[in-house]
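S.K.:
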Amino acid sequence: MSKTKTAIIIGGGIGGLVTALKLHRAGVKVRVFESVENIRALGVGINLLPHAVRILTELGLAEKLEKIGLPTAELSYFNKYGQQIWQEPRGVNAGYHYPQYSIHRGRLQMLLLEAVKEQLGEEAVLTSHHLTSFDSFSDYTVAHFENKKTGEHVGSYDANMMIAADGIHSVVRKHLYPNEGDPIFSGRILWRGLAEASSFLTGKTMIMAGFQDQKFVAYPVDPEISGDRALINWIAELAIDEEMPSRADWNRKIDKEKFAPAFADWDFGWLNVPQLTRDTEAVYEFPMVDRDPLPAWSFGSVTLLGDAAHPMYPIGSNGASQAILDADALGQAMKEQPSIELALKAYEKMRLDTTANIVRSNRKNGPEHVMQIVEERAPEGFDALNNVISQEELEDITGGYKKIAGFDKQTLNTK
Ligand SMILES: Cc1cc2nc3c(=O)[nH]c(=O)nc-3n(C[C@H](O)[C@H](O)[C@H](O)COP(=O)(O)OP(=O)(O)OC[C@H]3O[C@@H](n4cnc5c(N)ncnc54)[C@H](O)[C@@H]3O)c2cc1C
86 MSKTKTAIII GGGIGGLVTA LKLHRAGVKV RVFESVENIR ALGVGINLLP HAVRILTELG
146 LAEKLEKIGL PTAELSYFNK YGQQIWQEPR GVNAGYHYPQ YSIHRGRLQM LLLEAVKEQL
206 GEEAVLTSHH LTSFDSFSDY TVAHFENKKT GEHVGSYDAN MMIAADGIHS VVRKHLYPNE
266 GDPIFSGRIL WRGLAEASSF LTGKTMIMAG FQDQKFVAYP VDPEISGDRA LINWIAELAI
326 DEEMPSRADW NRKIDKEKFA PAFADWDFGW LNVPQLTRDT EAVYEFPMVD RDPLPAWSFG
386 SVTLLGDAAH PMYPIGSNGA SQAILDADAL GQAMKEQPSI ELALKAYEKM RLDTTANIVR
446 SNRKNGPEHV MQIVEERAPE GFDALNNVIS QEELEDITGG YKKIAGFDKQ TLNTK
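Residues in the sequence shown are numbered consecutively from 86, following my numbering.
1) Are at least three pairs of beta-carbons, each pair with one atom in the stretch 449-459 and one in the stretch 405-422, less than 8 Å apart?
2) DSSP state of Y181, grouped into three classes?
3) For N318, report the span of its beta strand (DSSP E) as first-last.
4) Using C-beta distances below 6 Å, list every residue in its chain close to F285, excluding the 5 sequence neighbours before and after it, in chain order.
5) With 16 as the cutoff for other CB atoms within 10 Å, does H238 come out buried or exposed?
6) Whose CA, out of N447, N178, I93 and P396, lies closest to the CA of D220?
7) Between the stretch 100-118 and the stretch 208-227, do three or more beta carbon pairs fall short of 8 Å?
8) Rank G191, L196 and A418 by C-alpha distance to the C-alpha of A147 and give the top, closest one.
9) Compare the C-beta of Y181 with all C-beta atoms of chain D and state if any pair is closer than 7 Å.
10) Taking the alpha-carbon positions, what's the T365 to V306 distance?
11) From what residue to what residue does the beta strand (DSSP E) around P174 run?
12) Quick check: is any heavy atom of ligand 1 less than 6 Å from the C-beta of E119?
13) Mapping the DSSP letters down to three states, classify N132 as helix, strand or coil.
14) Taking 6 Å as the cut-off, is the CB of G391 close to at least one heavy atom of ligand 2?
15) If you reduce the DSSP assignment to three classes, tell me which class G278 lands in.
16) Tell me, please, whether the stretch 362-378 touches the stretch 336-344 by the rule of three or more beta-carbon pairs shorter than 8 Å.
17) Using 10 angstroms around the beta-carbon of K500, count the other beta-carbons present and answer buried if the total reaches 16, otherwise exposed.
18) Taking the alpha-carbon of R139 as reference, which of E231, Y186 and Q299 has the nearest alpha-carbon?
19) So what does DSSP say about G240, is it helix, strand or coil?
20) Applying the criterion that 16 or more other CB atoms from any shown protein chain within 10 Å of the CB defines a buried residue, is R462 buried or exposed?
21) What does DSSP give as the partner residues of R436 in its beta bridges?
22) Give me the Cα-Cα distance between T157 and G312, rounded to the nearest whole angstrom.
23) Less than 8 Å between C-beta atoms, sequence neighbours within five positions excluded: which residues of the same chain meet that for M86?
24) In chain order, what residues of the same chain lie with their CB nearer than 7 Å to the CB of A349, ignoring the 5 residues before and after it?
25) Does DSSP put F301 in a helix, in a strand, or in coil?
26) Is it buried or exposed for T287, if we count other Cβ within 10 angstroms and need 16 for buried?
Laid out in structure tokens, this is it:
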């Protein structure tokens, strides 16, 4: 009988928790180590694309997801005057076998945490364990932890493998690539918020308006608030002329005056941007950053996953979905490969180039490049869209991105 394999997962975010569920299914004994003392429902809205929903469905989470996720029915792009550039159905509405969900990041994380505790046991998640360093060998890794608040050493643990899902400031990535430095700033800042407000368009529409250097994104996220009202997640995005103002931290709250004046006349009739931002209590600031793709993620018994492996601009609704796809690939590799070292390399082979392509595509605005083209060709707005951009060009750009991100309908529905 072969000995049970063991894994240490660093980070209890979406990537780490789904990895725990997938490795558990592959017969691995898993422990998740999370830096914070209490995992709380932080963040605002995110999107789960159909390929990620498929993986969560296979993990038995479909019913729970349905309760907290709002199935996005379509995606529309507009120019800065609210003139429509593009519209496409999404999720089940577009013929996918799985929905696309607009969902509160924190609620999704809590759902996953509960599933990990239910399926793996309460003791599978250790909080107040911040990884500081590790010693890795081809067949095992010893990880050292401290309590980040007190600085006290809280233990060292070993396992046959260590999966680093410790986010954009990954300690493990820094250890593997000590000269890499900080995330790379795009010159743009994102301000994010959530507010209950009047619903807009179909009540299930995700919209993006503007262009690369000034954009507004909005979509409803709570299926329990419907009809005339909606819990709307929004993101205002602006290019700035300064250095990156602060370290990338998803929880930094700021004063709305930093961005609100730039959007003061963005009342489209069907969506009143200044009103929506005024109605929002807490606004969070995040510099739009990413990192260059790496040549390798897996070294012996250690690998990187999710934002630790491939942080990307939040364009095309990919951050959480790609972390979930990583977890799925790792689970598959673990079942198929004869050794951990080979499994971690096989996982890297399945995912590294794919995610590197998304990082690069997002630097060129991903599917939202159509908005940039329209701004460049018709900065004062347009009378007829097809004088500005053809349907073919629109389809090439938006359809091409779906292939890069792995969710073109044909590929996904045949899985
Ligand atoms: C608090 C928070 C809020 C966010 N809000 C949004 C949002 O509103 N919109 C959006 O698009 N994306 C948001 N994100 C990012 C989004 O969740 C990720 O892009 C995506 O889900 C991929 O997740 P991940 O698990 O790879 O990384 P993350 O979600 O960043 O999770 C990493 C986890 O690792 C833990 N960790 C970090 N270092 C260590 C260490 N040394 N030892 C142990 N644990 C460690 C962190 O506390 C965190 O729980 C947020 C992330 C965080 C952490």
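Glycine included, each C-beta is placed from N, C-alpha and C at the ideal position. Quantities reported herein were computed from a predicted structural model and do not represent experimental measurements.
M.R.: If we stick to the structure as given:
1) With the cut-off at 8 Å, the stretch 449-459 and the stretch 405-422 do not touch.
2) Y181 sits in coil when the DSSP states are folded into three classes, being neither helix nor strand.
3) It spans R314 to A324 - the beta strand (DSSP E) in which N318 sits, taken as one unbroken run.
4) Once the five neighbours on either side are set aside, the close Cβ partners of F285 are W355 and L356.
5) H238 sits exposed, since fewer than 16 C-beta atoms from the chains shown fall within 10 Å of its C-beta.
6) Nearest option by C-alpha distance: I93.
7) Result yes; three or more Cβ-Cβ pairs closer than 8 Å.
8) Of G191, L196 and A418, the residue nearest in Cα terms is L196.
9) Of the chains in the structure shown, none is chain D; there is only one protein chain.
10) T365 and V306: Cα-Cα distance of roughly 15 Å.
11) Here the beta strand (DSSP E) through P174 covers Q169 to P174.
12) Yes, Cβ of E119 sits closer than 6 Å to a heavy atom of ligand 1.
13) Residue state, collapsed to three classes: strand.
14) With respect to ligand 2, the structure offers nothing, as its ligand set consists of ligand 1.
15) DSSP places G278 in strand when its eight states are reduced to three.
16) Flag = yes, the stretch 362-378 and the stretch 336-344 touch.
17) Counting Cβ neighbours within 10 Å, K500 comes out exposed, since fewer than 16 surround it.
18) The closest CA to that of R139, considering only E231, Y186 and Q299, is found on Y186.
19) Residue state for G240 is assigned as strand, using DSSP reduced to three classes.
20) Classification for R462: exposed.
21) Answer is none; R436 lacks a bridge partner.
22) For the pair T157 and G312, the Cα-to-Cα distance works out to about 15 Å.
23) Its pLDDT being 41, under 50, M86 is placed unreliably in this model, and the value from its coordinates should be taken loosely. Around M86: no qualifying Cβ.
24) Excluding residues up to 5 positions away in sequence, P359 lie with their Cβ nearer than 7 Å to the Cβ of A349 in the same chain.
25) In this structure, F301 counts as strand in the three-state DSSP scheme.
26) With fewer than 16 Cβ atoms within 10 Å of its Cβ, T287 is classed as exposed.
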